[in-house]
Every structure is written in C-alpha cells, then in structure tokens.
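A.B. asks: Each residue of the sequence shown is one higher than the one before, counting from 22 in our numbering.
We put the CB at the ideal spot given by N, CA and C, even for glycine.
Computed from a predicted structure; not experimentally measured.
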Amino acid sequence: MSDTSRFELPLLQASQAQKHVTVNEALTRIDGLLQLTLQSVTLNTPPLTPQEGEAYGVGAAAVNEWAGQEGAIALYVNGGWAFVPASLGMRAYVADQNGWAGHDGAGWVLGMQTLSAHGAGMISKVIEVDHVLSAGPTSNAAYAIPGQSVVYGVTGRVLADITGSGLSGFSLGVSGSTNRYGSGLSPAQGSWLRGLTGTPLTYYSSEDLILTAEGGDFTSGTLRLAIHCLQFTLPSE
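1) From the DSSP output, in three-state form, read off Leu206 for me.
2) Would you report the Cα separation of His139 and Thr233, rounded to the nearest angstrom?
3) Using 8 angstroms as the threshold, is the region 203–220 in touch with the region 133–147, meaning 3 or more CB pairs across them?
4) Assign Val153 to buried or exposed, taking buried as 16 or more other Cβ atoms, counted over all protein chains shown, within 10 Å of its Cβ.
5) Closest to Asn161 by C-alpha separation, out of Ser227, His124, Thr63, Thr223, would be which residue?
6) Looking only at its chain, what residues have a beta carbon closer than 6 angstroms to the beta carbon of Gly126, apart from the 5 residues adjacent to it on each side?
7) First and last residue of the beta strand (DSSP E) that includes Asn161?
8) Is there contact here, the region 165–182 with the region 242–251, by at least three beta-carbon pairs under 8 angstroms?
9) In the structure shown, what three-state DSSP assignment does Gln21 receive?
10) Span of the beta strand (DSSP E) holding Asp117?
11) Report the CB separation of Ser170 from Tyr224 in whole angstroms; it is logged as a contact under 8 angstroms.
12) In this structure, how does DSSP classify Arg50 when only helix, strand and coil are distinguished?
13) Leaving out five residues before and five after Thr240 in sequence, what residues of the same chain have Cβ atoms less than 6 angstroms from its Cβ?
14) Pick out whichever of Pro256, Leu251, Asp182, Gly101 has its Cα sitting closest to the Cα of Arg50.
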C-alpha cells in the first residue's frame, strides 16, 4: 500500500530516497484537511488563481484539471491540485456560503445537524434577504420564508433609512399576523430587530414577510432580514 486509505496520504517506502518529499506532501495534505475549510462546494471549473493550501468541494460536472474528480476535495498544494475523497460524516466550513456543512455520503449539506441510517436529517438554516422597500403602506419581501420549514424567529437590521411621509415606525409579520415578528420598529439606519415567537411556527408553503408602515407610508429604505429555521429531509427508499 502506497497511500493511506482515508485521506490518501503518501506513505514512506522501504529504502526510499528523498523521504522528505513524501513526508512534506503528506503534511501539506494534513494542513489543508485539518479543521477543513472549503472555499466552495458548487464549482465545476477550477479557480484561475487559487491560493496555496485552499480546498474546494468539486461539483457534479467537473472540467479541466478537476475532470473525473466529481465530489472529491480538491487541495491546491505545491502549485497543483491534489484530490482526497469526501466521505460520510465529514464536516467543513464553506466560505462562500458562510456556514457549516456535513457530508451525507452523497454530497455536502449546508446546516446539516442530524443524519439517520437512511439519510433522513435535520437542517438548520439562516436565510438572508436584503429587501429594498417599495413605496406605499406595505412592502413585501416575496417568499422570504421558505415552505416546509419550522421558523424560530426573524432578525434584521436597517441598512438604509426607511423613509416616508409621517412615518414613525413599522411592523413585521406575515399575512394574517402583520406584527408577528415586531411592531414599533425603528426606521433609522443601523436599527435592529429580533422577532421571536413563543413557540416555533411551521410554514407549509413559502410566504412573504410583510412590512407595514406605522403613522404614514413608506417611500424608500433597505432592510436586511434573516429567517432562522429548520428543515427536514426524507429517508431514502
């Protein structure tokens, strides 16, 4: 056997010359895999200017230097690509999605918390939306809440002043409960909201988040919203 079975680290051979070359290659792979950070898990084409030590989860239709390595971890070491198999149970931080992912045996799943023997799992998500307000008494962030989700709460921050004639504040909610996630909220830039409910709420289909003006109508503004929720995956056949 010339490589280890899990990470394919090169092994020293009997009477091998220049042992430092093999040892250094193994160390660079360990350095890239320890406390694993993947720059992306969706790319099919290698980046043009990768940095030494960077790692990527290769996509499902890999081309060029990644061709034939679909699903593997690509490490850029010593000016070239080395490939390590990704396997069930591995965890990694995915930089371009700013979150943790687990490997379910088929691919990387962002926010994976649990996984059954047959692939059923619980996924924790934070979905961010930068909503530019439209003029009028209400402004809807369309389909901001995903369907088939259990929502714990919504947080947000005003990125640009929410303006309007006579406007004193705003509320945030959904159809039928327009203040579910807050009322009397400040429209000033930098203001924040933390909308919690007494119990988690299930949304079976996607829903708009509705901003309702208080004391006047909206003219403009930008609000960053974050929906904190859980989703559940099905077991395999």
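C.D. replies: By the coordinates alone:
1) Your numbering for residue 206 matches position 185 in the sequence shown. Residue state, collapsed to three classes: strand.
2) Here residue 139 corresponds to residue number 118 of the sequence shown, with the count starting at 1. Here residue 233 corresponds to residue number 212 of the sequence shown, with the count starting at 1. Near 44 angstroms, if we compare the C-alpha coordinates of Thr233 and His139.
3) No: fewer than three Cβ pairs fall under 8 angstroms.
4) To locate residue 153, count along the sequence shown from 1; it is residue 132. With fewer than 16 other Cβ atoms within 10 Å, it is exposed.
5) Within the sequence shown, residue 161 is the residue found at index 140, counting from 1. Answer by Cα proximity: Ser227.
6) If you number the sequence shown from 1, residue 126 lands on position 105. Answer for Gly126: Leu109, listed in chain order.
7) As a position in the sequence shown, residue 161 is number 140, starting the count at 1. Per DSSP, Asn161 belongs to the beta strand (DSSP E) from 159–166.
8) yes
9) Any question about residue 21 goes unanswered here, given that the chain covers just 22 to 258.
10) Here residue 117 corresponds to residue number 96 of the sequence shown, with the count starting at 1. Segment: none, Asp117 is in no beta strand (DSSP E) and carries neither H nor E.
11) Counting from 1 along the sequence shown, the entry for residue 170 is found at position 149. Counting from 1 along the sequence shown, the entry for residue 224 is found at position 203. Right, their Cβ atoms sit about 5 angstroms apart.
12) On the sequence shown, residue 50 is found 29 positions in, with the first residue counted as 1. In this structure, Arg50 counts as helix in the three-state DSSP scheme.
13) For the purposes of this step, residue 240 is taken as the residue at position 219 of the sequence shown. Excluding positions up to five away in sequence, the list reads Ala156, Thr184, Gly185.
14) The count along the sequence shown starts at 1 and reaches residue 50 at position 29. Considering only alpha carbons, the answer is Gly101.
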